[in-house]
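Be aware that the sequence shown starts at 0, since it is given in numbering that gives the first Met the number 0, and climbs by one per residue. Every residue gets a Cβ at the ideal spot worked out from N, C-alpha and C, and that includes glycine. A short worksheet on the structure shown next.
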Amino acid sequence: MLSFVVKTLGAKKIALLHGTDSSGKMGAQGIQDNIGKYGASVIIEEAFEPTDTNMIPQLTKIKAAQPDVIILWTSVVPAAVVAKNYAQLGMKTTVVTSHGVFPTQAFMAAAEGVLDKNYWLLFGARDIYADQLPPNDPWRVKVFEPARKAVKEKYGKDWEASFANGFDAFGITMEAIRIAGSDDRAAIRDALEKVKYEGLQGTWRYSPTDHDGLSGEDFWGIYRKDGKWWPYKK
0 MLSFVVKTLG
10 AKKIALLHGT
20 DSSGKMGAQG
30 IQDNIGKYGA
40 SVIIEEAFEP
50 TDTNMIPQLT
60 KIKAAQPDVI
70 ILWTSVVPAA
80 VVAKNYAQLG
90 MKTTVVTSHG
100 VFPTQAFMAA
110 AEGVLDKNYW
120 LLFGARDIYA
130 DQLPPNDPWR
140 VKVFEPARKA
150 VKEKYGKDWE
160 ASFANGFDAF
170 GITMEAIRIA
180 GSDDRAAIRD
190 ALEKVKYEGL
200 QGTWRYSPTD
210 HDGLSGEDFW
220 GIYRKDGKWW
230 PYKK
């Protein structure tokens, strides 16, 4: 995310807005610990409770600080509140959200006024903008289209970004069981560190020192245009 914000967007002065839950705190700490490596700085940090229904006080302070970019580390429901208040304050500063913000119908309805103006960039995986990839793209043909077809046939639902979480989790688990050759808990745990799995969110590569699995190439800034999601291009 920092590489994208600094190198691709050219931002140097960062505002950090995050929830007070574990995910928000860990994300904020990661930003603070690493931002100096990219030649940028956090000029203001504001936090909120995930259950808050008004983020105007925090956003007012951020607006006054005049950052280049706002990094928003939270989940879908608080992000919708932030988007609504952001629009009410007439803000135009680019916002980059963490991977916890999915383009659900409820979020898009709440954030419509800012998404359509391209002020907000969601940091998401390829399955969100799969339709913009070439029809013969190997990942789209091999991984995404079969998954979308299966969901449609089984449940009668169109693809949603949140589906990829469960799909990849099961796929990674099954690959670990295959490597372990056993359903023993300890064996599966050790086998997880050897998994390489091409999923809907990217190519997962685990090791004894990498329990995240995805690299910066797997997630990217995406924006809304003409009712579709597109990968950001400088």
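| Check | Outcome |
| --- | --- |
| What residue range does the alpha helix (DSSP H) around Arg184 cover? | 184-191 |
| Could you check whether Gly38 and Phe122 sit closer than 7 angstroms to each other, using their CB atoms as the reference points? | no |
| With DSSP collapsed to three states, give me the class of Tyr85. | helix |
| Along the chain, where does the alpha helix (DSSP H) containing Lys60 start, and where does it finish? | 55-64 |
| Is it the case that the CB of Leu120 approaches a heavy atom of the ligand NAP more closely than 6 angstroms? | This structure does not include the ligand NAP; it has no bound ligands of any sort. |
| Give the straight-line distance between the Cα atoms of Gly35 and Tyr128, rounded to the nearest whole angstrom. | 31 angstroms |
| Look at the alpha carbon of Met234 and the alpha carbon of Trp203, and state the distance between them as a whole number of angstroms. | Summary: the structure shown does not reach residue 234, with the chain confined to residues 0 through 233, and so no result is reported for it. |
| Near Val80, which residues of its chain fall below 8 angstroms by C-beta distance, leaving aside the five closest residues on each side in sequence? | Asp51, Thr52, Asn53, Met54, Ala109 |
| Count the C-beta pairs between the segment 193-207 and the segment 168-182 that are closer than 8 angstroms, then say yes if the count reaches three, no if not. | yes |
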